[in-house]
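**Student:** Sharing a structure with you now.
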Amino acid sequence: MNRRKLELTARLQLLADWVPQGATLVDVGTDHAYLPVWLMLEGRLCSAIACDLRSGPLSRGRRTAEQYNVDGQITFRLCNGLAGISPQEADTVVIAGMGGENIAAILAAAPWTTDGHHTLLLQPQSRAEELRAFLSTNGYTIFREQLVVDRGTMYPVIEAAAGTQTLSLGQLYGGACLTHDPLGGRYLVEQILRLQAAVAGLNRTDRPEAAKKADQLRDIMGSLLEVWEEWRYANGT
Ligand SMILES: C[S@@+](CC[C@H](N)C(=O)[O-])C[C@H]1O[C@@H](n2cnc3c(N)ncnc32)[C@H](O)[C@@H]1O
């Protein structure tokens, strides 16, 4: 048994802070299972299922639970996304540390996540815009979004549930509700620079579709600049 206190990184800590007291949790893609183990140690959960697509990460998760003596309180399950979970087993679904398109695919394969009985805590490592687009066109609403910097990299954390929502192009790429987030300005600038680099790359090729793609990216940059102006106004900078 490990006597040292389990410390979460800033990214996982923000997710943990958003898990409601007494939740029945499923952590999809749990890997080391730090999140469910920490929450169980803090007495925050009624039950927890930690699942992963691969047996290696799941074994790592089991080891963490054993080290902290909560292995009897967490169910470990080998499954793809939410395929091995029934809707009644969890009221809070965490999917963190994978690409936005992967998170969207996991939710698309589990339509019960729009039944109004589930809170989704999502943390895309990349392609957050694809996840926001999926959510806003498939019966979810983003209720909360916050940025966190972890070891020098900034990540959005999203809380979503059943609902309807229309997001502008600027919100898809710049965050659904980050107007008052102190890190919002930096996030928007990072998105604009990323798109600028992509446009510069497209300008160097003579592929026929490159010019059209570059125009689309310029439109997105224009929308992001508007969102950035709104953020600056709201934050007095
Ligand atoms: C980078 S780790 C993230 C671990 C932890 N969730 C976190 O945020 O720190 C990504 C994990 O997701 C798992 N994974 C990827 N796609 C998955 C899927 N479709 N279903 C379940 N697990 C998946 C991988 O095997 C890996 O263990």
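Heads up: the sequence shown begins at 829 in my numbering, then just goes up one per residue.
In this text, a Cβ means the ideal position worked out from N, Cα and C, and glycines have one as well.
All values reported here derive from a predicted model rather than from experimental measurement.
1. Would A1004 pass as a contact of R955 if the rule is Cβ separation under 8 angstroms?
2. Which of the three DSSP states is assigned to S996 in this structure?
3. Using only the alpha-carbon positions, how far apart do R1046 and G1029 sit?
4. Does ligand 1 have a heavy atom nearer than 7 angstroms to the CB of L853?
5. Using the rule of at least 16 other Cβ atoms within 10 Å of the residue's Cβ for burial, across every protein chain shown, is D859 buried or exposed?
6. From the DSSP secondary-structure annotation, give me the bridge partner or partners of M982.
7. What is the rounded straight-line gap between the Cα of S883 and the Cα of W866?
8. Kindly list the residues whose CB is nearer than 8 angstroms to the CB of W846, restricted to its own chain and excluding five residues on each side of it in sequence; keep chain order.
9. Tell me whether E1037 sits in a helix, a strand or coil according to DSSP, three-state version.
10. Kindly indicate which three-state DSSP category E987 falls into: helix, strand or coil?
11. Note down, one range per segment and in chain order, each beta strand (DSSP E) of at least 3 residues found wholly within the segment 853-916.
12. Any heavy atom of ligand 1 within a distance shorter than 7 angstroms of the CB on A924?
**Tutor:** Looking at the atomic coordinates:
1. no
2. coil
3. 13 angstroms
4. no
5. buried
6. V977
7. 21 angstroms
8. L949, R972, V985, E987
9. coil
10. strand
11. 873-880, 902-906
12. yes
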